[in-house]
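To start, the structure itself, in structure tokens.
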Amino acid sequence: MLPLSDVQILAVEQYGAGPCGTQYLADLGAEVIKIENPHDGGDMSRSVGPYFLGNGKSTASSEFFQSFNRNKKSITLDISKRAGKAVFHDLVRSADALCCNMRGDVPAKLGLTYETLGEINPKIVCAFLTAYGRDGSRKDWPGFDYLMQAEAGYFSLTGEPDTLPSRMGLSLVDIMTGQTMALSCCAAIIRARETGQGQNIDTNLFDLAMSNLGYLGTWYLNERCIQGREARSGHPSLVPCAQFSTKDGWIFLMCNKEKFWPILCDKIGRPELGSDPRYANFKERLENRRDIQTLLDETLAAKTTSEWLEIFAGIVPAAPILNLGEAIENPFIKERDRVMDLTLQDGTPFRLLDAPFETGTPTPTNPAPELGANTDEILTKLGYDEDRLRSLRENKTI
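Counted the way the working numbering counts, the sequence shown spans residues 61 to 458.
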């Protein structure tokens, strides 16, 4: 049994960050019900290209959409209508949580906060993911991952020195904010089940981006150290921890504990460097970073990357520097069984990368739902009969 198999999540969400977070909950067994507007195509990521599965006509054919919405259900519901709000409130009565990613000022306007929904279900957890928070001067600002990377200093930390400011290649702020929402939501559900008291939970892209600065933020706050970009994607203080050239490409070495330096020296056939006082510890090696880079480049050029990886395997922390295709075709991916096979509703087979956790029960492999695919199923379970469903359709509530 999956750990969240008795949890129900309502998701008013779109695009990447929020759906990423609720997908983790769905992968862990939660019943995640996407609440989607029947009048605007639902989650906007349903139309995000450039790649679509099958003939592209399915409302779930976007490969972007499939990447963040597997194992969920979808109900079309216009919660701006009085009748739609009544249906939504019926859903809230039995739900554990509402996960919502919208502009910061919108949830309160739509009555999606605990102050409103707690009157219907005191145990409900209302988890919000916004760009800049639900209060403050930017609560009504739209915002996206790359903007956060820019303002949180990531562009000044990514890439080689003396080049244009650069973002990270992935939307990690979106992904990690979604994970943070999922984690805090689970914590609040545990508390609600113990105490009978739900609550609001807030996370936002900006705060996550700033929090992720970690020790670099600590260095600035206490030492006024403004860390910049290091050559070869090097660590700011640990040496050697960077990329080095080999006979046929590049390799990344991470001697991030003192014990690895003499081991590395021995494995490359230069044992005398391990006891050289110029390189005796992290402090000395940092002061002689350029010398170490030169000598490692010269030595590692004698063999190919794969040859060095065989020598270092399990002894010296090292990795090849791969492109995305090479990374996914890496035999270790197959060994770890990190790719799942799914089938679109029209029979089209496709593949996704699996969730990054194992529970003893395989991750479900249900494709992301078509728009409104589960409307009748979910409302019937609430006790709605055919006449009521017909009425809701006629007034375009569902």
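Just so you know, even glycine gets a beta-carbon here, dropped at the ideal spot from N, CA and C.
TODO: Please determine, among Leu382, Cys159, Tyr84 and Gly76, the residue with the shortest C-alpha to C-alpha distance to glutamate 62.
DONE: Going by the sequence as given, residue 62 is leucine instead of glutamate. When each option's Cα is compared against that of leucine 62, the closest is Tyr84.
TODO: Express the C-alpha separation of aspartate 87 and lysine 394 in angstroms, rounding to a whole number.
DONE: When rounded, the distance between both Cα atoms is 20 Å.
Task: For leucine 276, three-class secondary structure by DSSP - done: Look at leucine 276 here: in three-state DSSP terms it is helix.
Task: threonine 255, enclosing alpha helix (DSSP H) - first and last residue - done: Going by DSSP, threonine 255 is part of the alpha helix (DSSP H) stretching over 232 to 255.
TODO: Pick helix, strand or coil for leucine 207, following the three-state DSSP scheme.
DONE: Shown here, leucine 207 sits in a helix according to DSSP, grouped into three states.
TODO: Kindly list the residues whose CB is nearer than 8 Å to the CB of leucine 219, restricted to its own chain and excluding five residues on each side of it in sequence; keep chain order.
DONE: The sequence given here has glycine at residue 219, not leucine. Sequence-distant Cβ neighbours of glycine 219 in its own chain, meaning closer than 8 Å and more than five residues away, are Pro225, Ser226 and Arg289.
Open item on the list: Taking 8 Å as the cut-off, does the region 127 to 136 touch the region 110 to 117 (at least 3 CB pairs, one atom from each stretch)?
Closed with: Touching, no.
TODO: Under 8 Å Cβ to Cβ from asparagine 44, same chain only, skipping five residues before and after it: list those, please.
DONE: With the chain covering only 61 through 458, there is no way to say anything about residue 44.
- [ ] Have a look at Leu268, Cys245 and Asn272 and flag the residue whose alpha-carbon is nearest the alpha-carbon of glutamine 259.
- [x] Of the candidates Leu268, Cys245 and Asn272, the residue whose Cα lies closest to the Cα of glutamine 259 is Cys245.
Task: Of the residues Ile250, Ala143 and Asn390, the one placed nearest arginine 448, counting alpha carbons only - done: Of the candidates Ile250, Ala143 and Asn390, the residue whose Cα lies closest to the Cα of arginine 448 is Ala143.
Task: Sheet register partners of methionine 270 (DSSP bridge) - done: Answer is none; methionine 270 lacks a bridge partner.
- [ ] Output the boundary residues of the beta strand (DSSP E) element that contains leucine 402.
- [x] For leucine 402, the enclosing beta strand (DSSP E) starts and ends at 399 to 403.
Task: Integer-rounded CB distance, given that leucine 382 should sit under 8 Å from asparagine 390 - done: Here asparagine 390 really is in contact with leucine 382; their C-beta atoms are around 7 Å apart, less than 8 Å.
Task: Helix, strand or coil at serine 226 [DSSP, three-state] - done: Correct three-state label for serine 226: coil.
Task: Helix, strand or coil at proline 409 [DSSP, three-state] - done: Three-state result, proline 409: strand.
TODO: Take the Cβ of leucine 265 as the centre, count every other Cβ of all protein chains shown within 10 Å, and call the residue buried at 16 or more, exposed below.
DONE: When all chains shown are included, leucine 265 counts as buried.
Open item on the list: Classify methionine 104: buried if its beta carbon has 16 or more other beta carbons within 10 angstroms, exposed otherwise.
Closed with: By the 10 Å Cβ count, methionine 104 comes out exposed.
Task: Cβ contact check for the region 438 to 457 and the region 420 to 428: 3 or more pairs under 8 Å - done: Verdict: no, contact absent.
TODO: Under 7 Å Cβ to Cβ from glycine 81, same chain only, skipping five residues before and after it: list those, please.
DONE: Excluding residues within five positions, the ones whose Cβ falls inside 7 Å are Cys159, Leu189, Gly238, Gln239, Met241 and Ala242.
- [ ] Pull up the distance between the alpha-carbon of proline 79 and that of aspartate 308, whole angstroms please.
- [x] When rounded, the distance between both Cα atoms is 41 Å.
- [ ] Have a look at the DSSP bridge pairing and note the partners of threonine 263.
- [x] Under DSSP, threonine 263 takes part in a beta bridge, and its partners are Leu189.
Task: 8 Å Cβ cutoff met for alanine 77 and valine 92 - done: No.
TODO: Specify the secondary structure class of asparagine 161 as computed by DSSP and reduced to three states.
DONE: Of the three classes helix, strand and coil, the one that applies to asparagine 161 here is strand, per DSSP.
Task: Residue environment, cysteine 325, which counts as buried when at least 16 other CB atoms sit within 10 Å - done: Label assigned to cysteine 325: buried.
TODO: May I ask you to list the residues that DSSP assigns as paired with valine 72?
DONE: Cys160, per the DSSP bridge assignment.
Open item on the list: Threshold first: 3 residues or longer. Then list the beta strand (DSSP E) segments lying entirely within the region 281 to 352, N to C.
Closed with: Listed in chain order, they are 301 to 305 and 310 to 314.
Task: In DSSP terms, what alanine 378 is bridged to - done: Beta-bridge pairing links alanine 378 to Leu313.
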